[in-house]
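Student:
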Amino acid sequence: MSLFKARDWWSAALGEGEEFDQGCLCVGDVDNSGSGHDKLVVGSYMGMLRIFFPHVSKSSEAGVADAQLLEVQLQNAIIQVEVGKFVSCSELLHLAVLHPRKLSVYSVSGTAGNVEHGDQYQLKLVYEHNLKRTACNMTYGAFGGVTGHHSLCIQSMDGMLMFFEQDSYSFGRFLPGFLLPGPLVYNSRTDGFLTVSSARQLESYKYETLAVATEAESRQDPDQPVKTGGKRLTPDWTFVLGEQALDLSVPSFSHSSSSIFVLGERNLYCLRDNGQIRFMKKLEFSSSCFLPYASVTEGMTNLLLGNHTNMLLVYQDVTLKWAAQLPFVPVAVRIANFPELKGVVVSLSSDGHLLCSYMGTDPSFFSTPKVDAREADYEQVDAEMKKLQKFIRDATRTQDILPKPDAEEELTMKASVSSSVDSPSQALTQDIDGVPVPSVTIQVKVKACSVVSSCKLSVAVQPPLAVTQDQFALEPMGVGSSTVVKFSAFLNGRYPPADLTGDITVSYSSPTELNPKGVPRVLQSRFSLPLLLVCVPSSPAKTTKFKITVDTNQPPVDLNAIFPEFSEKSEDKDGNTLAFQFLSGAKVTVVASRTSQRYRIQSDSFEDMWLVVKELVQRFDGHFTELGVKDFKKSFSGPLPLQEYFLSVDHHFQLRLSAQQYQDLLSERAVQFRAIQRRLLTRFKDKTPAPLQNLDTLLDATYSQVMTLAEAAEENRALLEEAFVRLRSATHLLVLLLSLWHGLTPDQTAILEATLLPLLQDSPQLGWEESCDAAVSHLLRSCLSRSSKDQATSLAQMGGPLLSLPRDTARLKKHITLLCDRIGKGGRLTLASEANAPVPAQVQNLAAPDKDSKEKKEVSKEPSASTVTEEAGGAEEPVKEAKKEKKESSKEKKESKKESSKEAKEAKEPKEEAKKESKKESSSSKEKKDKDKEGKEAGKESGDKKVPRKSSVKVKEKKKEPEVEDG
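-11 is the number of the first residue of the sequence shown in our numbering; add one for each residue after it.
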């Protein structure tokens, strides 16, 4: 039981399907019992009038039945109910019921019963007024200072105030500047009426001013002259709220004798009778209703405030004193006194939930029993502790959340792609350049092995591919039940996709013992679309721009047997040539050599060859696997088409730059457009018109520029999407050629593909160029670094500069070229960079200093073939470490001093040769200086260590290789 929850004292559910609003609840001694106890009068929009006298009963159903005094079905909807002295020559309270076109005044009387069924209550009509206008709300009071009875004022939907004095109509007045009706209340202290107009300001009209104003027989045009015998109606004072008011209230108790409360959508206002603001409270929620009531503190006012978060808040002026949780959003709140309890909070919801509640908690009469002074049974306590720990483990276990690998799957999914195209095609575009666009049907069968619910299936394909429907809502399935879903895939663009695979995701809920509602789970599957979906057979092309050759170790095969679906319309019946015409791209030709084991793929578009090369390699693997060939190998002899690949990179980068330029120009034109609008608005608002000075012409021209730039930016966005898809295709092709060239394993190929394709789509905040450059730089500094020192440095550096659009692609292309070069020289792609981290030299010296120095001397005297190979491959660490140990070891220093002059002369020869080679290979003067310096160091080391000429030259060539640039 929460302290901050409204305590339910009595409640009732009023009908089914009925609606209630703010004016449908009132409280008072409507039957004039004289006991001072209140009754609840509730009217609904369905015309049902109910009167309750709540009291506590043991049975809730019997309590509602006994508390209901009267229930009458009226013919019209009930907008508002009020209790007051509405009958002349009578001090008794009567009930006023407002209908859309009628005002009725009833008397409620009770007759004491002689049997156990209790008293009987009757509702008698005293008088009624038929309204000529549709009513909105009403208020009552002693208008004009008359005592002894109350008059009524009704506000119509078109802004007319109609005044009724008991059973007679007094007069009607139209509110000036009216648009929509607002809340209406009577202030008895100033004899005025308060309302909130559509101008979102609080207006006050005195009754005397309304009485002497122009008679409202019909709505007048404000521009027409005023009729004789009346004055134009003007408010006594106004107060700008700046928001629409939900309710008004004028408390009549003495503590706040001059307060007017206004409940806005986001603020609470308190004003004096003259329109001056007392205080204002900004609310942090959307309010629904409020009610001011008397406070025990002098000069303070308490308020009950309901909001849309099911909370009932108690404020003392602007200070929050209490908060209670309600089971619904209240639309009306009142305070009533009953025999058992006084000050009960009565709240009503929009769907008819009537609640009488109080705040705080019930007093507890529980007394703590005396504890017997007995010794604790430790075995029993230990057993109870183990039992509780078992309950805790069962409650916090994660096997209901994490998937169960050993258990049977709750849901299985199988996707099958049709082997033939649809007839007729389901594509949105029936043909592209006269070539019909085919579609293929995919059938997904979902089978449940246990009870699952809330199943949703979603389909995702790579652009520009599309499907007929990508979202499916599946019915709940029981054990063994299955559902079949069908959809079609087709090409929906004028360029080929980068991938013909699609992903299917099924999300569902599986109930468990601890969570009967179900634990959310996800099941994924992938399907591959046929190549026939994006291309058609065609005649071979003889002259093309780009060519790729794939070598195999098996005799050439018939291409018609590899691609049977394209062989029917092929012109070459020998199976040596096959051509593919993409629906929205170039033509790709595959030529098989008759004498060798080579296959050439050629096309005028480098990116379009990707799908054909991928399909050719996959079908070769499947073909020779079926034949039982286990040693089938495929390779690519090179060179890598990096320049062709860089054309796609540059094209994509230029479109990104254009998109940035369009964005900047649009921002400038938008600022200019808004500035011109402000100038024009100032000119139009000026009372003394001034010439526009061609501002309107400038506005039209700026608008035309904004629209032109927006259209150009949208066109550039479409071209950028196409360029990124083509870039993905070119990158996939480059990765495949690299893997064939150097025989990379599937894990290494996956690392390379993740490096060159870190994003599946571009975004204005993060693009492909900066992401790929960061990934490639990381590989060059870690697993593909030339030295273990670079690896240790890269591991120590965490983070890096923020990724942003580069100025050009020169650095990226340099890094990609360096990546391919190092892979070609035997670099090993791995993510376990920590395993390659070097062991510090000090630790090596502490472990075995004598042994290491002897081994290094032997290597320097007689270099083996393996040593030369390591130095040629770029491993220059032995030279560096030997140089470090030479400085650290005093023995080596002494030996170097004792070397003969003959050895010094021999050391000069490799130094001069290294200088000559560096001059031939380098044209830059800066590179010459660096290489002369490196040659001197190599010469000195060779003089000290007696390294042969070939070894020193190869170390020099390795030093010439460019390092990866820092960001």
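Note that beta-carbon positions come from the ideal geometry of N, C-alpha and C, so glycine has one too.
1) Identify which residue in Q590, P734, L571 and D596 has its Cα closest to the Cα of L479.
2) Assign Y193 to one of two classes, buried (16 or more other C-beta atoms within 10 Å of its C-beta) or exposed (fewer than that).
3) Short of 8 Å in beta carbon distance, which residues of its chain neighbour E79, apart from the five on each side in sequence? Order them along the chain.
4) Where does Q56 fall in DSSP's three states?
5) Which of helix, strand or coil does DSSP assign to G132?
6) Locate the beta strand (DSSP E) running through V510, then write down its first and last residues.
7) DSSP state of S765, grouped into three classes?
8) Can you tell me where the alpha helix (DSSP H) with T719 in it begins and where it stops?
9) Rounded to the nearest angstrom, what separates D146 and P451 at their Cα positions?
10) Out of K474, F475, C443 and G468, which one is the CA nearest neighbour of L462?
11) What span of residues does the alpha helix (DSSP H) with G610 cover, start to end?
12) Measure the beta-carbon distance from N541 to Q585 and round it to whole angstroms, keeping in mind my assumption that it falls under 8 Å.
13) For my contact list, P171 and T183 are in at a C-beta cut-off of 8 Å; report their separation, rounded to the angstrom.
14) Give me whichever residues DSSP pairs with W225 in a beta bridge.
15) Report yes if the CB atom of E7 is closer than 8 Å to the CB atom of Y33, and no otherwise.
16) Alpha carbons only, please: which of V30, V52, S407 and F152 is nearest the one belonging to L520?
17) Give me the DSSP bridge partner(s) of M150.
18) What residue range does the alpha helix (DSSP H) around P734 cover?
19) Looking at V333 and L292, is the spacing between their C-beta atoms short of 8 Å?
20) Restricting to Cα atoms, I'd like to know which of K378, P485, D339 and S95 is closest to G5.
21) Exposed or buried, which one is S717 when buried takes at least 16 other CB atoms within 10 Å?
22) Does the distance from the CB of S97 to the CB of D19 come in under 8 Å?
23) Taking DSSP as the reference, what is the three-state secondary structure of K622?
24) For K673, report the span of its alpha helix (DSSP H) as first-last.
25) Less than 8 Å between the C-beta atoms of T429 and K474, yes or no?
26) Thinking C-beta only, is G506 closer than 8 Å to S498?
27) Identify whether K90 lies in helix, strand or coil by the three-state DSSP scheme.
28) Quick one: grab the DSSP three-state call for D419.
29) From the DSSP secondary-structure annotation, give me the bridge partner or partners of W310.
30) Given 8 Å as the limit, is there contact between the stretch 109 to 127 and the stretch 79 to 91, that is, 3 or more CB pairs closer than that?
31) Should S913 go down as buried or exposed, given a rule of 16 or more other Cβ atoms within 10 Å for buried?
32) When you compare the CB positions of I492 and S469, do they come within less than 8 Å of one another, or not?
33) The beta strand (DSSP E) with D382 in it runs from where to where?
34) Check the DSSP bridge columns for W(-2) and list the partner residues they point to.
35) Is it true that the CB of P485 sits closer than 8 Å to the CB of V522?
36) Would you kindly report the start and end of the unbroken alpha helix (DSSP H) that includes E553?
Tutor: According to the structure shown:
1) L571
2) buried
3) K73 and G136
4) Three-state result, Q56: strand.
5) helix
6) Start and end: V507 to S516.
7) helix
8) From DSSP, the alpha helix (DSSP H) with T719 extends over L683 to H730.
9) When rounded, the distance between both Cα atoms is 56 Å.
10) Nearest to L462 by C-alpha distance, out of K474, F475, C443 and G468, is C443.
11) Boundaries of the alpha helix (DSSP H) around G610: M597 to E614.
12) 7 Å
13) By a beta-carbon distance limit of 8 Å, P171 contacts T183. Their separation comes to about 7 Å.
14) S192
15) Yes, these two residues count as a Cβ contact at 8 Å.
16) S407
17) I142 and G160
18) Going by DSSP, P734 is part of the alpha helix (DSSP H) stretching over P734 to L744.
19) yes
20) D339
21) buried
22) yes
23) strand
24) First-last of the alpha helix (DSSP H) with K673: L630 to K673.
25) The answer is yes: Cβ separation under 8 Å.
26) yes
27) K90: strand per DSSP, three-state reduction.
28) Three-state result, D419: strand.
29) Looking at the DSSP assignment, W310 forms a beta bridge with V302.
30) yes
31) Because the pLDDT at S913 is just 45, under 50, the model does not fix this residue reliably, and the point stays unresolved.
32) no
33) Element bounds for D382: not the beta strand (DSSP E) but the alpha helix (DSSP H), Y366 to T384.
34) W(-2) pairs with C344.
35) yes
36) For E553, the enclosing alpha helix (DSSP H) stretches over residues P552 to S555.
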